[in-house]
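K.L.:
Residue numbers (the working numbering): 2 to 352. No residue lacks a Cβ here, since even glycine has one placed at the ideal position from N, Cα and C. All of these numbers come straight from a predicted model, not from anything done at the bench. To start, I am sharing the structure in question, which I have written as structure tokens.
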Amino acid sequence: MSTPGSTPPPSVADQPHPLPLANGHPISGATADAAAQWLTLLMSDEMTDSDYQCWQQWRAAHPDHERAWQHIEAMTARFRELPSTAAYKSLSPLTNPVSAGKPGSPGRRKAMGTLLWLGTAGVGSMLVSRTQTWQQTVADYRTGTGEQRAVYLADGTHIMLNTYSAIDVAFDAQHRTIRLITGDILITTHPVHTPISDPRPFIVETAEGRIRALGTRFTVSQRKGRTHVAVLEHAVEVTPAAPDRQYILPAGQQLSFTRHTLNNATTLDKQTTGWTQGQIIADNIRLGDFITDLGRYRTGLLRCDPAVAELRLSGVFPLDDTDRILETLPSVLPVRVRLRTRYWVIVEAAS
């Protein structure tokens with residue numbers, strides 16, 4: 002591969018426009034681009050041992066390189082689902098009005114498409130584009146990586162948020178609405194037509210449609226253009242955004258839907274709701290899928306080598322110690338767990 006950032010970083014004096022900042026220190030745009038490119042490579046599962054050595058050499062070549070990397074790694078650890086170039090863009094709180102319309106590096110253009118940071122000199126105010134990440138940041142209730150949170154609403158509804166989840170709550174005289182921005186929630190409402198029930202409809206909205214509670218206990222998951230619903234008690238009414246079709250989903254069943262399609266309901270399985278008990282329940286699932294799920298509960302990058310992704314795994318794994326889960330894998334599968342950095346872990350074939 003061509004080594005990112007192989008040319009020496011220009012000095013601050015050489016730069017005609019405001020420079021990106023890493024931990025309060027100005028760095029060159031080329032260094033910021035290189036840090037983003039390295040992170041993109043790390044996240045691609047294509048990094049070789051040779052690339053790894055080049056990456057370490059790049060970090061050691063100049064103090065600005067290490068400063069930029071520490072900044073972008075911290076941003077990625079905090080906002081796991083941000084594209085790497087969005088973390089790059091966080092290096093620069095000011096968008097240069099002179100250069101904004103000029104062609105830039107691919108990393109810079111991609112970053113600009115992800116987050117738009119606008120600064121006003123003198124007051125330092127900042128506006129962010131209304132991306133999902135921004136919506137998560139300003140959500141009424143949210144959780145970080147590995148965190149779960151219980152929320153009690155004024156009407157008596159109980160909501161549990163899983164790791165890296167976010168919701169907005171909007172109650173008015175006619176409706177009770179929960180907007181699930183991302184992640185997983187478990188909702189427990191009062192049964193309808195009881196003295197303590199609230200007559201206003203209780204609705205969960207996602208990007209793909211809406212779910213109306215019919216006096217129930219149910220989970221909703223939303224990510225990657227799909228909503229998944231599982232009903233533990235009573236029933237819900239599911240309505241995708243585009244087609245004029247509704248479906249009553251009873252207790253003990255689950256289904257998923259997009260804006261345009263509604264999949265057939267299936268019997269509820271424990272793997273779907275294991276997180277509500279603080280567990281990952283694996284029943285003969287692909288190791289690759291297991292690692293992807295586990296990665297949602299860990300800060301940093303957790304990857305599964307494609308060579309072992311098809312191995313099958315079963316068991317119940319408590320989520321209070323993800324390091325211990327990783328430590329147990331070599332005892333049940335022919336794999337090893339390699340820690341390349343604090344935030345970069347790879348599960349690969351045992352040597």
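(1) Hey, could you find the ends of the alpha helix (DSSP H) residue 329 is sitting in?
(2) What is the DSSP secondary structure of residue 110, counted as helix, strand or coil?
(3) Are there any heavy atoms of the ligand SAM lying less than 6 Å away from the beta-carbon of residue 344, as far as the coordinates show?
(4) According to the neighbour-count rule (16 or more other Cβ atoms, all chains shown, within 10 Å of its Cβ), is residue 207 buried or exposed?
(5) Measuring CB to CB, does residue 224 end up less than 7 Å from residue 273?
(6) Could you check whether residue 281 and residue 318 sit closer than 7 Å to each other, using their CB atoms as the reference points?
(7) Take the Cβ of residue 153 as the centre, count every other Cβ of all protein chains shown within 10 Å, and call the residue buried at 16 or more, exposed below.
(8) Does the separation of the CB atoms of residue 266 and residue 254 fall below 7 Å?
(9) Output yes if chain C places a C-beta closer than 7 Å to the C-beta of residue 296; else output no.
(10) Can you check which of these residues, 201, 53, 27, 220, is closest to residue 251 by C-alpha distance?
(11) Please determine, among 276, 211, 351, 140, the residue with the shortest C-alpha to C-alpha distance to residue 227.
(12) Please classify residue 28: does DSSP put it in a helix, a strand, or coil?
(13) Which residues share a DSSP beta bridge with residue 191?
(14) Helix, strand or coil: which one does DSSP assign to residue 278?
(15) Do you know offhand how far residue 230's Cα is from residue 297's?
(16) By Cβ distance below 8 Å, which residues in the same chain neighbour residue 312 in space, the five residues on each side in sequence not counted?
(17) In whole angstroms, what is the alpha-carbon distance linking residue 71 and residue 292?
(18) Excluding the 5 residues flanking residue 189 on each side, which residues of the same chain have their C-beta closer than 6 Å to its C-beta?
(19) Within the continuous beta strand (DSSP E) that includes residue 169, where are the two ends?
(20) Return the first residue and the last residue of the alpha helix (DSSP H) that residue 226 is part of.
(21) For a quick check, are the C-beta atoms of residue 178 and residue 167 less than 7 Å apart?
P.N.:
This is what the structure gives:
(1) 323-333
(2) The pLDDT assigned to residue 110 is 37, lower than 50, so where the model puts this residue is not dependable, and the model offers no usable value.
(3) As far as ligands go, the structure on display features none, and thus does not contain the ligand SAM.
(4) buried
(5) no
(6) yes
(7) exposed
(8) yes
(9) Looking for chain C here will not work: only one protein chain is present.
(10) 220
(11) 211
(12) coil
(13) For residue 191, which the question treats as bridged, DSSP gives no partner whatsoever.
(14) helix
(15) 19 Å
(16) 287, 288, 334, 335, 336
(17) 25 Å
(18) 159, 218
(19) 167-172
(20) Segment: none, residue 226 is in no alpha helix (DSSP H) and carries neither H nor E.
(21) no
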